[in-house]
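Comments concern the structure below.
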DNA sequence: TAGTGGTCTAGACCACTCC
DNA sequence: GAGTGGTCTAGACCACTAA
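Chains as they are written, first to last, in this note's numbering: chain C, 1 to 248; chain Y, 249 to 496.
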């Protein structure tokens, strides 16, 4: 609708052109006009369409590349990036037992039930407490050794299709499942790391001694438009965890 | 020596001009030709001096600003940034007891001794094992409550001046001390986070129960030229720790 | 060979800081 | 008012990809 030669409207406050452009591109991504893994128009096309110079388009795209929403390939084009959860804190658990290669843990759903969103979790998600929700409890294993215990909360109205599937058939990864059956794409997440001593039931499920140090990772997963989609808390053995960071 | 109008030598391999410029500026910083908190030449001066366009200088400076080595202020100039250890993992300990404001913990040196670098630590520092070193054990407190227990290793030849000072007079922060007495500036650091159950002596010093969850942070601190200067391991109570990160 | 992103130029004008 | 960084332009040429 706003195509082929529309001059950007000037904003009341002072806002750089490239910044306004970035916003426009973000909207196109969140509204799936530009879809994950698809190519977007070339820099010259975008410059003409928005009546700005290529340098300005490049600066807008630069910031989206840095932000992880786009990906550029010289000679090919610019693509909408699918979120990579390789960068999750989970990767700092040494799951690769024995040889080095990464391995997706297998999943066992221990419980699936309908439940109203508890106030504490509703507040973390920014959703109304008491909202109908789906609660999953899931154990993740490597070579049949339990390694992570997870409790997951999903707002029911976005995920009803999950209830029609036998939890034994959910498979090892949930996000592709969300996308396939519920049309819901996870675009980013916020994670929080803490540690605690294992309670007896947690220790038992993970095959540890009561009181052992556990790493606890809370994750709030969001859509491209930052709507909250999933909240989960994961617990794993602290002695399998090392996290590195660079300080400047 | 390479001033006023020297054309950049072309490298054999294909390397962008702005990348070569960034390297040159990094060297000036690490060799203290440009010093912390001092202003560097303006963009136009740098462009003339290196016979490139302003845009290219800007791109080189951009990457150093992103990397945390420089800081720009519109209308004032560009400055060499002093490392900010606000971004250390330590800030995720909730040290601000009671009201919100941050507070530098006070320090008590429990031990200072000359000792050869143990192999494990030498290997982490990338220095030869057995190198003469200074080992400090330090307790950090808020309102007289012990909150962090640290063991610190320094290569002796760079820090001999520390031996002439009474450890009771080291003060609450070591890095300013290093700079003042040893002429050594910490520019960056790598940190690693793990967790463990407290041993009895550690628990006792920190006022915790044996077996309580501890967060362990290892830090390797480097000079601007990435020479290793200090290694430390810090332990604190896990229930006072929350770390947040954004995943994309 | 056509089309893409990557680098680089040589300016212009603006907003801000400081004297 | 002089000097700084911040934004923006309208090109040029290059390296890479794919048909």
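Beta carbons are placed, not taken as given, at the ideal position from N, Cα and C, and that holds for glycine.
Residue from the options with nearest C-alpha to residue i
i	options	result
residue 145 of chain C	C/204, C/175 and C/134	C/204
residue 486 of chain Y	Y/466, Y/473, Y/468 and Y/442	Y/442
residue 64 of chain C	C/40, C/44 and C/75	C/40
residue 31 of chain C	C/233, C/242 and C/224	C/224
residue 140 of chain C	C/123, C/52, C/104 and C/165	C/104
residue 169 of chain C	C/25, C/69, C/138 and C/232	C/138
residue 38 of chain C	C/232, C/71 and C/149	C/71
residue 315 of chain Y	Y/483, Y/328 and Y/303	Y/328
residue 69 of chain C	C/77, C/25 and C/53	C/25
residue 123 of chain C	C/14, C/240, C/155 and C/23	C/155
residue 52 of chain C	C/200, C/114, C/16 and C/186	C/16
residue 398 of chain Y	Y/383, Y/408 and Y/426	Y/383
residue 199 of chain C	C/232, C/33, C/160 and C/209	C/209
Burial state of residue i, where buried means 16 or more other Cβ atoms lie within 10 Å
i	result
residue 73 of chain C	exposed
residue 107 of chain C	buried
residue 492 of chain Y	exposed
residue 121 of chain C	buried
residue 424 of chain Y	exposed
residue 234 of chain C	buried
residue 55 of chain C	exposed
residue 484 of chain Y	buried
residue 309 of chain Y	buried
residue 163 of chain C	exposed
residue 100 of chain C	Any reading at residue 100 of chain C is ruled out, since the residue's pLDDT is 48, under 50, leaving its predicted position unreliable.
residue 22 of chain C	buried
Close-in-space but distant-in-sequence residues of the same chain around residue i (CB under 8 Å, 5 per side omitted)
i	result
residue 158 of chain C	182, 184 and 229
residue 207 of chain C	145 and 146
residue 232 of chain C	150, 151, 152, 153, 218, 219 and 221
Coarse secondary structure for residue i, derived from DSSP in three states
i	result
residue 150 of chain C	strand
residue 80 of chain C	strand
residue 165 of chain C	coil
residue 117 of chain C	coil
residue 40 of chain C	coil
residue 270 of chain Y	helix
residue 262 of chain Y	coil
residue 46 of chain C	helix
Residues of its chain near residue i, where Cβ-Cβ distance is below 7 Å and the 5 sequence neighbours each way are ignored
i	result
residue 196 of chain C	214 and 216
residue 117 of chain C	127, 129, 130, 131, 133 and 153
residue 174 of chain C	none
residue 294 of chain Y	305
residue 42 of chain C	77
residue 358 of chain Y	385, 386 and 387
residue 331 of chain Y	434, 435 and 436
residue 266 of chain Y	304, 307 and 308
Cβ-heavy atom distance, residue i to the ligand GDP, below 7 Å
i	result
residue 370 of chain Y	Judged by which ligands are present, the structure shown has none, so any question about the ligand GDP falls away.
Residues of its chain near residue i, where Cβ-Cβ distance is below 6 Å and the 5 sequence neighbours each way are ignored
i	result
residue 221 of chain C	186, 189, 229 and 230
residue 112 of chain C	136 and 167
- Message: I'd like the ranges of any alpha helix (DSSP H) spanning at least 4 consecutive residues and lying wholly in the stretch 415-495 of chain Y.
- Response: The alpha helix (DSSP H) runs lying completely inside the stretch 415-495 of chain Y and spanning 4 residues or more are 422-430 and 448-454, given in chain order.
- Message: Quick check for students: name the residue ranges of the alpha helix (DSSP H) that lie wholly in the stretch 50-78 of chain C, counting only runs of 4 or more.
- Response: 54-66
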